[in-house]
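Read the structure below first, then the notes.
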Amino acid sequence: MMVIDNTGNRINPTVITGSPAAARPVRTGRPDAGQGTAAVSFDSILRQKQRENEGIKFSRHAEYRLQSRNISLTPAQKEKMKEAVAKAETKGVKDTLILMDDLAFVVNIRNRTVITAVNSNELKENVFTNIDGAVII
Numbered sequence: 018m019m020v021i022d023n024t025g026n027r028i029n030p031t032v033i034t035g036s037p038a039a040a041r042p043v044r045t046g047r048p049d050a051g052q053g054t055a056a057v058s059f060d061s062i063l064r065q066k067q068r069e070n071e072g073i074k075f076s077r078h079a080e081y082r083l084q085s086r087n088i089s090l091t092p093a094q095k096e097k098m099k100e101a102v103a104k105a106e107t108k109g110v111k112d113t114l115i116l117m118d119d120l121a122f123v124v125n126i127r128n129r130t131v132i133t134a135v136n137s138n139e140l141k142e143n144v145f146t147n148i149d150g151a152v153i154i
């Protein structure tokens, strides 16, 4: 069927079948913009779980300090230190001072690495720099 408009032009009528494209939502696998802001990504959850299973590492400098100062940590002390790191991490601390018994440790939270260790003899009149938090256990 052909239609002629009032100016003499021929117009072919459009044939519509099915539903319009706008009526069908497009699924991308991603949350909507409003929903994605509050959602936690899989990657962040995975990293958090991996950190929970990791122990505390010691830098070469910290290992040297432990040896030279005759500091040995028991498994219970290492577990306390791991808990202190977790507490500091929940507060958003990047580098923390952990005071435990008569010992002090500076720990990088992101890497879960002890940077240095100090015993009670050297704690007196000592200044700790480049830390943004402290955990006393």
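Position in the sequence shown counted from 1, then plus 17, gives you my numbering. From the three backbone atoms N, C-alpha and C, an ideal C-beta is built for every residue, glycine too.
Taking the C-beta atoms as reference points, L114 is found nearer than 7 angstroms to A151. Annotation for D112: V123, V124, N125, I126, I132, N147, I148, D149, G150 place their beta carbon closer than 8 angstroms to its own, counting only its chain and skipping 5 residues before and after. In this structure, the CA atom of V57 is about 57 angstroms from the CA atom of R27. L120 sits in a strand when the DSSP states are folded into three classes. Rounded to the nearest angstrom, the gap between the Cα atoms of K74 and R129 is 6 angstroms.
Along the length of the segment 72 to 152, whole alpha helix (DSSP H) runs at least 4 residues long occupy 77 to 85, 92 to 107, 137 to 140, reported in chain order.
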